[in-house]
Amino acid sequence: MKCVFSSEIDKSARETYFANFAEHPSGDITRIAANEIPKHDILCAGFPCQAFSIGGYRKGFEDTRGTLFFDIERIIKVKKPRCIFLENVKGLVNHDRGRTLKIINEKLKKQGYNLFHKVLNSSEYGVPQNRERIYIIGFRNKKITFDF
């Protein structure tokens with residue numbers, strides 16, 4: 001498996017990525033056309049959690065940070081990867097009484113994905129932190145089943 005593209009807007013995070021992988025990620029994904037991104041089978045993405053977190057103002061898609069999901073959707077529409085893997089803060093599950101997650105699911109299903117999601121705590125997987133996140137997995141092949 002090979003990473004063919006990465007994007008990160010934060011300068012410090014880009015430097016850390018380079019230190020770990022000896023590659024420079026592209027910058028702001030909102031300024032990158034989907035056709036500039038190489039073909040890929042798996043799209044792995046996260047989008048800013050502040051708009052959905054109980055630690056923030058919870059403005060969701062009304063917060064510009066919350067709209068980055070729609071750039072992920074834009075790329076998925078064009079590139080049509082076989083699998084998508086998204087993560088975000090646990091608060092996304094119940095944000096706006098579940099409407100936010102429903103919108104995300106509807107958008108991805110419209111693109112032909114069979115979706116699975118679950119909240120997992122990193123402490124249960126050998127990571128030295130207690131952090132719950134939602135993981136959303138999607139497959140274009142409807143016959144694939146998935147269990148966390």
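Sequence positions in the sequence shown follow this note's numbering and run 1 to 148.
Beta carbons are placed, not taken as given, at the ideal position from N, Cα and C, and that holds for glycine.
Keep in mind that this is a model prediction, so the values were computed, not measured.
Return the chain-ordered list of same chain residues with a C-beta closer than 6 Å to the C-beta of Q129, the five sequence neighbours on each side being excluded.
S122
Label V4 either buried or exposed according to how many other C-beta atoms from any shown protein chain fall within 10 Å of its C-beta, with 16 as the threshold for buried.
exposed
Nearest-angstrom Cα distance between P86 and S26?
The amino acid occupying residue 86 in the given sequence is Leu; Pro does not appear at that position. In a straight line, the C-alpha of L86 is about 19 Å away from that of S26.
Hey, quick one: how far does the beta strand (DSSP E) through I84 stretch, first residue to last?
83-89
Between the stretch 93-106 and the stretch 74-83, do at least 3 Cβ pairs fall closer than 8 Å?
no
Am I right that C83 and G138 are in contact with their C-beta atoms under 8 Å? What's the rounded C-beta distance?
7 Å
Could you name the residues that DSSP lists as bridge partners for R133?
V89, L120
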